[in-house]
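One structure is given below, encoded as structure tokens.
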Ligand SMILES: Nc1ncnc2c1ncn2[C@@H]1O[C@H](COP(=O)(O)OP(=O)(O)OP(=O)(O)O)[C@@H](O)[C@H]1O
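Residue numbers (full-length UniProt numbering): 1 to 247.
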């Protein structure tokens with residue numbers, strides 16, 4: 001579904017990501033861990049095609065197509081969707097209207113919003129005055145409307161209270177399982193995802209397949225995401241470099 005090959009990225013001449021290799025197979029949910037400032041959001045934003053992130057080496061393949069030089073809207077049309085860590089306020093744009101545009105009129109904003117307890121926000125300007133948790137639910141609502149094939153979720157649980165985290169987690173699970181097929185003993189989820197999480201709370205609801213640790217703009221290791229989370233919780237990121245040697 002998504003293949004990132006030897007990706008090096010700069011912003012204003014400063015290298016943020018070096019030789020990043022990462023893959024998300026169809027139906028997989030992969031997790032990106034890493035300390036503050038490692039470059040996780042930069043990687044997500046580069047995958048989505050934000051123009052300030054200049055790819056100076058390597059490429060991004062999505063569904064087998066090289067999308068490295070495509071603009072954001074073309075990537076969205078091909079099935080990439082992002083939940084940003086800090087999305088902008090959109091004064092003058094009602095959430096209801098944004099949902100209609102994003103879903104190209106195919107999904108009813110009222111029904112989608114009800115599931116996320118966001119009905120009363122539909123006639124407010126997008127994100128303006130929303131609390132941290134409301135912004136996350138608003139982002140999820142927009143993603144549900146867009147219905148992408150690959151979800152890029154940047155810290156979906158941050159700022160969400162302990163009660164709402166269940167709602168957010170279960171919504172993500174439901175979105176990723178849309179179109180699930182179970183041909184044999186195992187099931188393949190209909191959607192794929194790359195999730196950034198510091199706390200791992202979202203992994204209480206979503207089954208993660210593979211984890212990656214990014215430190216200083218470089219992928220240091222990959223493996224079982226829950227084991228990685230345990231290691232990070234007990235030892236921090238000090239062993240990032242050692243981890244590379246264990247690959
Ligand atoms: N558009 C930009 N312009 C300048 N610097 C940037 C830009 N985007 C990211 N950076 C810098 O790149 C580094 C990595 O930032 P990024 O937001 O990707 O980190 P992160 O791993 O997501 O961190 P956190 O866990 O704190 O969210 C930081 O030093 C940040 O200031």
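The C-beta atom is built at its ideal place from N, Cα and C for all residues, glycine as well.
State the start and end residues of the unbroken alpha helix (DSSP H) segment that holds residue i.
i: residue 186; result: Unbroken run through residue 186: none, as it is neither H nor E.
i: residue 248; result: Here the chain covers residues 1 to 247 and nothing more, so residue 248 does not appear.
i: residue 52; result: That residue, residue 52, is in no alpha helix (DSSP H); it is neither H nor E in DSSP.
i: residue 98; result: 95 to 102
Exposed or buried, what is residue i when buried is set at 16 or more other beta-carbons lying within 10 Å of its beta-carbon?
i: residue 127; result: buried
i: residue 30; result: buried
i: residue 247; result: For residue 247, the predicted model reports a pLDDT of 45, less than 50, meaning its position is unreliable; a value from the coordinates is still stated below. Flag for residue 247 reads exposed.
i: residue 161; result: exposed
i: residue 19; result: exposed
i: residue 222; result: buried
i: residue 171; result: buried
i: residue 168; result: buried
i: residue 40; result: buried
i: residue 180; result: exposed
Who are the near neighbours of residue i in its chain, counting only those whose CB is closer than 8 angstroms to its CB and skipping five residues on each side?
i: residue 26; result: 1, 188 and 192
i: residue 79; result: 62, 63, 148, 149 and 150
So what does DSSP say about residue i, is it helix, strand or coil?
i: residue 245; result: In this prediction, residue 245 has a pLDDT of 45, which is less than 50 and means its spatial position is unreliable; what the coordinates show is noted afterwards. In the structure shown, residue 245 sits in a helix (DSSP, three-state: H, G or I).
i: residue 121; result: helix
i: residue 45; result: helix
i: residue 253; result: Since the displayed the chain opens at 1 and closes at 247, residue 253 lies outside it and no answer follows.
i: residue 180; result: coil
i: residue 8; result: strand
i: residue 174; result: helix
i: residue 165; result: helix
i: residue 84; result: coil
Go through its chain and collect everything with a Cβ distance to residue i's Cβ below 6 angstroms, but skip five positions before and after it.
i: residue 118; result: 137 and 141
i: residue 45; result: 53
i: residue 146; result: 81 and 102
Beta-carbon within less than 7 angstroms of residue i's beta-carbon, same chain only, minus the 5 sequence neighbours each way: which residues are those?
i: residue 91; result: 125 and 128
i: residue 52; result: 11
i: residue 72; result: 48, 49 and 50
Just reading off the beta strand (DSSP E) that residue i is part of, what are its end residues?
i: residue 222; result: 218 to 223
i: residue 31; result: 29 to 33
Inset, instruction - Quick one: residues with CB closer than 5 angstroms to any heavy atom of ligand 1, in chain order, please. - result: Ordered along the chain, the selected set is 11, 16, 36, 37, 38, 39, 40, 41, 42 and 52.
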